Ligand SMILES: C[S@@+](CC[C@H](N)C(=O)[O-])C[C@H]1O[C@@H](n2cnc3c(N)ncnc32)[C@H](O)[C@@H]1O
């Protein structure tokens, strides 16, 4: 669904939500990359630590002639830790059109023999993969993106990913674990304000795509922890009453009204095990980092 249609529906409700996939225009992807380099955002660091461990085991887990399929591939920096001669094809799937093309081009300079087939799509749906790629597909869903879905959509994602990857496939899923609230809050409130800029960039995206004239300076960013849901919740907050039009329909934000820009659900090992099983996957193994902040699960279809 296009952004205007989604906002028309979501802004008519009391709890106003902007789904996280709309963050990623080129600027949004660039801000996200900045976040991954901050001291506070541990996710990228600990996931890379685990992927390095996994890279030593790949030839024990899989035979040769693999196709790697990455859902929400972003910069492709993480996959480069895992690429070896077993991998013949790499299919990065992403909604950020310019970014996926730029990162694929860069990756091909480092891995000239690898066939890279960037595919622009919305990964929540079933995706028809390119033809003539090797049969054994290994999926990747990293960056704790499994925590960014609303209303149980993570199950829909995992079911469709299984359909996309097909029989005898595998998927690695990066899962952020419940931890000290201070560490979580800091991760979404970095001192360089990149998380704030990333979220407030939604205003620029809405202006461009929906032709509104909202001003970034009329909003602020906050991130809070929802204990009941074990979820970090990011909001953009309207500093004043303001109204605007979407497809000629009038909407308004009240002063101090919070618009939900992202959720990052945190898991326990058993909660993710349950989710994977109920989505039709078998859990083969999981790895954790030294601090036990994060886990990467290997699931088998
Ligand atoms: C949180 S970032 C993670 C990037 C990278 N995988 C990592 O671990 O650093 C999410 C990535 O998924 C992409 N993305 C978000 N929602 C998407 C969707 N519904 N369909 C396809 N790609 C999506 C974004 O463009 C972005 O590159």
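Numbering (the numbering used here), first residue to last: 11 to 311.
Backbone N, C-alpha and C define an ideal beta-carbon position, used for all residues, glycine too.
This one's a predicted model, so the numbers in the text were calculated from it and none came from an experiment.
For residue 304, the beta-bridge partners assigned by DSSP are 186. Listed in chain order, the non-local C-beta contacts of residue 273 below 6 Å within the same chain comprise 241 and 243, local neighbours out to five positions each way being set aside. In this structure, residue 48 has its beta carbon at no less than 7 Å from each heavy atom of ligand 1. Residue ranges of uninterrupted beta strand (DSSP E) with 3 or more members, entirely inside the stretch 118-156 and ordered along the chain, are 146-151. Around the beta carbon of residue 95, fewer than 16 other beta carbons sit within 10 angstroms, so the residue counts as exposed. In this structure residue 222 touches residue 216 by the C-beta definition: roughly 6 Å separates them, less than 8 Å. In the three-state scheme derived from DSSP, where H, G and I count as helix and E and B as strand, residue 96 is classed as coil. Rounded to the nearest angstrom, the gap between the Cα atoms of residue 238 and residue 194 is 15 Å.
Apart from the 5 residues on each side of it in sequence, residue 297 sits with its Cβ closer than 7 Å to the Cβ of 60, 63, 64, 305 and 306 in its chain, given in chain order.
Residue 212 has its CB no nearer than 7 Å to any heavy atom of ligand 1.
For residue 91, the closest alpha carbon among the candidates 110, 54, 104 and 285 is that of 54.
By the C-beta density criterion, residue 71 is exposed, having fewer than 16 other C-beta atoms within 10 angstroms. Nearest C-alpha to residue 58 among 264, 26 and 88: 88.
Taken through DSSP and simplified to helix, strand or coil, residue 77 comes out as strand. A direct Cα-Cα distance of roughly 10 Å separates residue 171 from residue 164.
Per the coordinates, the alpha-carbon of residue 142 lies some 11 Å from the alpha-carbon of residue 125.
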